[in-house]
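Numbering of the sequence shown is given in this note's numbering, commencing with residue 104 and proceeding in unit increments. Everything below concerns the one structure shown next.
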Amino acid sequence: MLIRKGIPKDVDLIGSVIDAAFKTAAVSSGTEAKIVERLRSAGALMLSLVAEQSGTIVGHIAVSATTIGNQGDWALIGPMAVLPEFQSQGIGSALMKEAVQLLRSAGMNGAALVGDPAYYGRFGFRAWPSLKLHGVPDEFVLALPFTDSVPNGELAHHEAFGLDA
C-alpha cells in the first residue's frame, strides 16, 4: 500500500471512494464527498492524502486549517474514508498516522476532529472539557495537541462543512 498526496487527476476517484465509504457508515450526512469538493474549490484543503493499493485509490483523508477559540495553527481532520471492501485492513490507520506525522512536521499546534473516541483514541485523540463544537456532543469533539497547548474554546470549521448554526 502507498500513501501519497492527492493530485488533480485523483479528484473524481476520491469523491467515489468517499461516497462508497459513507454509504454504509453508521453515521453519515451523505455530503462528505461534497465537503471535500467544497474545501478543494475554496482552496481550504491543506492536506489531501490517498491510499493506493495495486494502483487503485482505496482511501482518502482530508485536512483543513482551523482554530480552537483564539488558538491558531490547528488542523481539522476529516472526512476520512476507505472503500468498504478494504476496511479493517489498517488503511484508515495508515492514512491517519501519515496525516498526523505531516501536521506535526509542519509545526501545527495540533489536530482536531469529530468522531468515535473508541476509534480515534488509538491515535491519541481525546475529548477535552474546554473543547466545544456547537450542535455536537462533547464526547465526539476530539483533539490531539502537538505542543503544551490545551485546546480551549469552540472548534472552528470551514463553511464547506455546512455546520454553521
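Glycine residues also receive a C-beta, built at the ideal position from the N, C-alpha and C atoms.
Contact under 8 Å by Cβ, residue i with residue j
i	j	result
Phe-264	Leu-247	no
Gly-224	Leu-198	no
Ile-121	Gly-109	no
Ala-147	Ser-167	yes
Leu-258	Leu-234	yes
Ile-124	Pro-220	Residue identity differs from the one stated: residue 124 is Ala in this sequence, not Ile. No, the pair does not count as a contact, with Cβ atoms beyond the cut-off.
Paired residues, beta bridge with residue i - DSSP
i	result
Arg-229	Ala-246
Arg-143	Beta-bridge pairing links Arg-143 to no other residue.
Ile-106	Ala-154
Glu-257	Lys-235
Backbone CA spacing between residue i and residue j [nearest angstrom]
i	j	result
Glu-140	Asp-251	33 Å
Met-149	Ala-165	8 Å
Arg-107	Gln-174	29 Å
Phe-249	Gly-238	26 Å
Cβ separation of residue i and residue j, assumed to be a contact under 8 Å, to the nearest whole Å
i	j	result
Met-104	Ala-154	6 Å
Chain D within 8 Å of residue i, Cβ atoms only
i	result
Ser-119	No chain D appears in the structure shown, which is made up of a single protein chain.
For a minimum of 4 consecutive residues, which ranges assigned as the alpha helix (DSSP H) are wholly contained in the stretch 197-227?
220-223
What are the uninterrupted segments assigned as beta strand (DSSP E) that are 3 or more residues long and contained completely in the stretch 165-190, given in chain order?
174-185
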